[in-house]
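Some notes on the structure that comes next.
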Amino acid sequence: MSLFTRANGIASRASSAADPSADYQSKAQTQPNQSLANFKGRSDSASSRFHIAVTDKSRSVPSTSVPTSTPPTPTPTPNRLITWLLTLLVAAFGGLLRFVRLGDPREIVFDETYYVKDAWTALLTGEPRDWPKTTVIDGIKQPIDTAFAAGHVGGWLDTAEYVVHPPVGKWLIALGLKLFGGATNIFAWRVSVAVAGTVAIILMIRVALRLFRNVPIALIAGLLLSLDGVGIVMSRTGLLDNFIMVFALGAFSLLLIHRDWAREKLHKQYVLDSRSRSTTWIPNTSRHGKPFVLNARGPFIALSWWRVGAAILLGLATGVKWSGIYLFAAFAVISVAWDAWERHQVGYRGWLGTGLVKDALPSAAYMVPLWAGTYLAGWLGWFIHRDSYMRDWAAANPGEGVTWLPSVLQSFVQYHAQMWQFHTTLDAPHPYKANPLTWPLQIRPTSFYWTKLHGHPGLCSLSPDSQCVSAVTSLGNSLIWWLGSLCVIVGIVVAVRRRGDWKIWAVLVGFLGGWLPWAQYLHRTTFTFYSIVILPWIVLAICYVADWYRQRVSVRVWRLTVGIVLGLIALVSLFFYPIWTAMPVPYEFWLSHMWLRSWI
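The UniProt record's numbering numbers the first residue of the sequence shown as 1 and each following residue consecutively.
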């Protein structure tokens with residue numbers, strides 16, 4: 001509790017570090033009659049403090065003194081330093097949960113059989129290669145996965161592997177293999193996803209800080225992400241989905257920064273336009289007895305480096321798995337909607353049409369090419385190597401496909417058509433297949449690994465008469481997911497009733513963009529661990545409700561509630577950590593974690 005007590009004391013001052021416009025806002029608020037924070041329908045109080053409606057005396061409207069200088073950029077302060085130190089402290093805690101014993105189990109886990117071996121052959125040959133089912137080691141025939149985990153990492157075939165996901169994720173795994181000794185080091189198989197999971201904690205805290213302007217809430221967000229089972233398991237297993245999550249969260253963070261930048265630019269320009277003799281007001285529009293809507297459309301805010309970076313990160317997310325497409329669409333739409341809505345809130349006319357012409361179309365004109373170009377760049381190895389899978393399809397099938405394209409692009413398009421066919425028709429039975437509609441409740445988690453062990457190592461020594469087992473189960477912390485799902489429902493109600501509350505729309509767009517598109521594939525084979533992509537927005541939904549609660553109760557009640565909830569969540573994570581990380585445990589201990597039959 002002492003950490004949150006200290007953090008609560010610096011929350012308001014640290015908020016200015018998270019918001020580049022905070023210093024200017026506070027100065028504007030001190031001017032008489034300039035704060036319009038309480039007008040009906042306004043949910044962004046920081047933005048409303050910016051609003052200053054002034055005119056020239058020649059138009060018979062009382063003039064108001066306004067700041068005309070450019071708002072200074074806040075310099076780093078000890079409080080800002082403290083928020084970063086707290087951020088890194090929480091990330092270090094989450095990193096320990098991810099990195100300790102990262103090389104266990106010392107076997108290929110679940111789909112590591114595809115992604116780790118693909119990454120290894122891509123690193124050595126430039127493209128993923130096929131592997132035989134078995135190999136012979138010292139005269140003994142063994143499954144290829146067993147031999148690979150034992151350090152026999154050669155023996156791939158000359159033919160290219162048919163991979164059904166874009167290459168970026170495999171190249172990130174390959175980077176870990178390159179930096180940490182190759183495929184003979186099992187730690188190297190998983191180090192890239194562990195780094196991604198730890199970076200996600202830092203991003204989570206900074207996103208929550210920018211959304212809620214409250215340090216304790218931001219730290220709670222980081223702790224929840226650190227403690228969740230899906231987050232831990234996916235950061236300890238060499239799969240792809242953790243990369244989608246961190247790229248999406250990074251892009252979301254940049255778009256939040258763009259929103260603050262655009263809001264500041266709009267408000268500053270509104271002040272200048274209000275003072276201009278040539279500016280006129282739209283009749284019958286007023287706020288607090290003063291003219292409000294300017295007969296002007298406002299500055300150009302569609303282009304920023306923050307949006308450029310977001311488009312690139314979302315291109316990388318799509319280059320890991322195609323589900324990144326939906327996140328790109330969702331985030332691009334909400335970002336443009338923020339710009340248009342802020343024009344309306346500031347007081348510019350024709351905000352909807354202007355939002356389309358000055359915000360949406362220019363943003364699409366550069367964001368879509370950047371996103372697509374980044375995605376294509378991930379396929380560079382496929383284009384370079386003539387023996388890549390289906391690289392010469394056009395030459396082998398003249399007159400077929402999209403014939404007006406160059407042959408290499410014909411092959412590329414046909415390969416993508418084949419991938420699309422695979423993803424939309426995959427219905428092979430699997431014991432851990434899970435309906436996407438059940439993911440938020442973690443009804444059917446994925447068992448990545450389960451084996452009986454000889455002897456009684458680790459915790460098994462506490463029960464020498466029991467069978468010793470080891471498991472990796474991609475099961476979220478139930479309190480986080482169940483509470484988060486409830487908070488999402490609350491958020492939907494709030495979004496309908498308070499349409500101007502941009503924060504809840506930010507939360508819902510991330511959640512729905514990562515989850516709802518799967519509803520069109522209820523027939524296909526999917527798994528609950530895909531829900532790692534929506535985990536940050538489950539956490540933000542909890543934080544949204546927590547922030548609402550914080551503002552309505554006393555500090556004492558708030559701290560007590562936070563302590564109890566976080567304590568229970570931490571106890572659940574402590575209890576489940578052994579079956580998230582392949583620790584040797586007695587069979588009865590493992591079985592005691594199967595609260596629902598569907599978890600077995």
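C-beta: ideal position from N, C-alpha, C; glycine also.
Reducing DSSP to helix, strand and coil, say where Gln31 ends up.
As a position in the sequence shown, residue 31 is number 31, starting the count at 1. In this prediction, Gln31 scores a pLDDT of 39, lower than 50, which makes its location untrustworthy; the coordinate-derived value is nonetheless stated afterwards. In the structure shown, Gln31 sits in coil (DSSP, three-state: anything other than H, G, I, E or B).
Report the option in Gly353, Ile443, His593 whose CA atom is closest to the CA atom of Ser573.
Indexing the sequence shown from 1 puts residue 573 at position 573. Of Gly353, Ile443, His593, the residue nearest in Cα terms is His593.
Using only the alpha-carbon positions, how far apart do Thr581 and Leu475 sit?
Translated into positions along the sequence shown, residue 581 becomes position 581. Translated into positions along the sequence shown, residue 475 becomes position 475. Approximately 11 Å, taken between the alpha carbons.
Quick one: is Gly355 buried, meaning 16 or more other Cβ sit within 10 Å of its Cβ, or exposed?
Counting from one through the sequence shown, the residue named residue 355 turns up at place 355. Buried, by the Cβ-count rule.
Could you tell me the alpha carbon to alpha carbon distance between Ala472 and Phe212, rounded to whole angstroms?
On the sequence shown, position 472 is the one that residue 472 refers to. On the sequence shown, position 212 is the one that residue 212 refers to. Inspection of the sequence shows that residue 472 is occupied by Val rather than by Ala. Inter-residue distance for Val472 and Phe212 is about 35 Å (C-alpha atoms, whole angstroms).
Going by the beta-carbon positions, is the gap between Tyr366 and Gly298 smaller than 8 Å?
Along the sequence shown, one-based indexing puts residue 366 at 366. Along the sequence shown, one-based indexing puts residue 298 at 298. No, the Cβ-Cβ distance between Tyr366 and Gly298 is not below 8 Å.
Can Glu226 and Phe93 be called in contact, C-beta distance under 8 Å?
Stepping through the sequence shown from its first residue, residue 226 is reached at position 226. Stepping through the sequence shown from its first residue, residue 93 is reached at position 93. Note that residue 226 corresponds to Ser in the displayed sequence, not to Glu. Going by C-beta atoms, Ser226 is nearer than 8 Å to Phe93.
Where the beta strand (DSSP E) containing Pro143 begins and where it ends
Here residue 143 refers to the residue found at position 143 of the sequence shown. Note, Pro143: beta strand (DSSP E), 140-143.
Measuring only the C-alpha atoms, how far is Lys452 from Met583?
In the sequence shown, counting from the first residue as 1, residue 452 sits at position 452. In the sequence shown, counting from the first residue as 1, residue 583 sits at position 583. Approximately 12 Å between the Cα atoms of the pair.
Pairwise C-alpha distance: Tyr432 and Val195
Within the sequence shown, numbered from 1, the residue matching residue 195 stands at position 195. Within the sequence shown, numbered from 1, the residue matching residue 432 stands at position 432. Going by the C-alpha atoms only, they are around 27 Å apart.
Own chain, CB closer than 6 Å to Phe589, minus 5 neighbours either side, in chain order:
In the sequence shown, residue 589 corresponds to position 589, counting from 1. Excluding residues within five positions, none has a Cβ falling inside 6 Å.
With contact counted as at least three CB pairs below 8 Å, one residue from each stretch, are the segment 143-158 and the segment 400-408 in contact?
no
Following the continuous beta strand (DSSP E) through Ala471, name the residue where it begins and the one where it ends.
Walking along the sequence shown from the start, residue 471 turns up at place 471. Start and end: 468-474.
So Ile480 and Asp228 are supposed to be a Cβ contact under 8 Å. How far apart are they, rounded?
Residue 480 sits at position 480 when you count from the first residue of the sequence shown. Residue 228 sits at position 228 when you count from the first residue of the sequence shown. Sure, about 5 Å apart at Cβ, within 8 Å.
Selected residue, minimal CA-CA separation from Thr425, among Thr134, Thr279, Ile538, Tyr521
Stepping through the sequence shown from its first residue, residue 425 is reached at position 425. Nearest of Thr134, Thr279, Ile538, Tyr521 to Thr425, Cα basis: Tyr521.
Would Met430 and Trp322 qualify as a contact pair, given that the criterion is a beta-carbon distance under 8 Å?
As a working note, residue 430 is residue 430 in the sequence shown. As a working note, residue 322 is residue 322 in the sequence shown. In the sequence under discussion, the amino acid at residue 430 is His, which differs from the Met named in the question. No, these two residues do not count as a Cβ contact at 8 Å.
Hey, out of Pro143, Leu96, Val346, whose CA is closest to Leu272's CA?
If you number the sequence shown from 1, residue 272 lands on position 272. Across the set Pro143, Leu96, Val346, the C-alpha of Val346 shows the shortest separation from the C-alpha of Leu272.
To which residues of the same chain is Val507 closer than 7 Å at the C-beta, ignoring the five residues directly before and after it?
Against the sequence shown, residue 507 aligns to sequence position 507. Counting only Cβ-Cβ distances below 7 Å, and skipping sequence neighbours, we find Gly491, Trp537, Leu540, Ala541, Tyr544.
Three-way DSSP call (helix, strand, coil) for Trp281 in this model:
Here residue 281 corresponds to residue number 281 of the sequence shown, with the count starting at 1. Trp281 falls in the strand class under three-state DSSP.
Nearest to Phe529 (by Cα), restricted to the options Arg210, Leu172, Val199, Val233:
The count along the sequence shown starts at 1 and reaches residue 529 at position 529. Measuring C-alpha to C-alpha distances from Phe529 to each of Arg210, Leu172, Val199, Val233 identifies Val233 as the nearest.
From the DSSP output, read off the bridge partner residues of Arg129.
Within the sequence shown, numbered from 1, the residue matching residue 129 stands at position 129. Paired residue(s): Ala160.
Inter-residue Cα distance where the pair is residue 604 and Leu512
Here the chain covers residues 1 to 600 and nothing more, so residue 604 does not appear.
Below 8 Å CB to CB, which residues in the same chain sit around Leu370 once its five sequence neighbours on both sides are set aside?
Against the sequence shown, residue 370 aligns to sequence position 370. Closer than 8 Å at Cβ, skipping near neighbours: Val308, Ala311, Ile312, Gly315.
Test item: CB-CB of Gly169 and Tyr115 under 8 Å
Within the sequence shown, numbered from 1, the residue matching residue 169 stands at position 169. Within the sequence shown, numbered from 1, the residue matching residue 115 stands at position 115. In this structure, Tyr115 lies closer than 8 Å to Gly169 by Cβ.
Go to Leu453, then tell me how far its beta strand (DSSP E) extends in each direction, as first and last residue.
Here residue 453 refers to the residue found at position 453 when the sequence shown is read from its first residue. 446-453 is the span of the beta strand (DSSP E), which, as asked, contains Leu453.
So the beta strand (DSSP E) Ile137 belongs to, where does it begin and stop?
Position 137 of the sequence shown holds residue 137. That run of the beta strand (DSSP E) goes 134-137.
Exposed or buried, Pro132, counting other C-beta atoms within 10 Å across all chains shown (16 or more means buried)?
Working through the sequence shown from its first residue, we reach residue 132 at position 132. So Pro132 counts as exposed.
Same chain, Cβ closer than 8 Å to Ile325, neighbours up to 5 away in sequence not counted
Here residue 325 refers to the residue found at position 325 when the sequence shown is read from its first residue. Excluding positions up to five away in sequence, the list reads Thr318.
According to DSSP, what are the bridge partners of Pro586?
Taking the first residue of the sequence shown as position 1, residue 586 is located at position 586. Cys468, per the DSSP bridge assignment.
Who are the near neighbours of Arg98 in its chain, counting only those whose CB is closer than 7 Å to its CB and skipping five residues on each side?
If you number the sequence shown from 1, residue 98 lands on position 98. Ala194, Gly197, Thr198, Ile232, Ser235, Arg236, listed in sequence order.
Determine the contact status of residue 653 and Val333, defining contact as a CB-CB distance below 8 Å.
What the structure shows of the chain is the stretch from 1 to 600, and residue 653 is not part of that stretch, so it cannot be assessed.
If I measure Cβ to Cβ from Trp439 and keep anything under 6 Å in the same chain, skipping five residues before and after, which residues do I get?
Position 439 of the sequence shown, counted from the start, is the residue given in the question as residue 439. The answer, listed in chain order, is Thr528, Ser531.
Could you check the C-alpha separation between Ala147 and Trp518 for me, to the nearest Å?
Mapped onto the sequence shown, residue 147 falls at position 147. Mapped onto the sequence shown, residue 518 falls at position 518. If you take the alpha carbons of Ala147 and Trp518, they lie about 36 Å apart.
Burial state of Ile600, where buried means 16 or more other Cβ atoms lie within 10 Å:
Taking the sequence shown and counting its residues from 1, one reaches residue 600 at position 600. The residue is exposed, with fewer than 16 neighbouring Cβ atoms inside 10 Å.
Would you kindly work out how many angstroms separate the C-alpha atoms of Arg59 and Leu88, rounded to a whole number?
As a first step, residue 59 is located in the sequence shown; it is residue number 59 there, counting from the start. As a first step, residue 88 is located in the sequence shown; it is residue number 88 there, counting from the start. Note on Arg59: pLDDT 36, under 50, position unreliable in the model; no value is reported.
Does the Cβ of Asn397 have 16 or more other Cβ atoms within 10 Å, making it buried, or fewer, making it exposed?
The residue you call residue 397 lines up with position 397 of the sequence shown. It counts as exposed.
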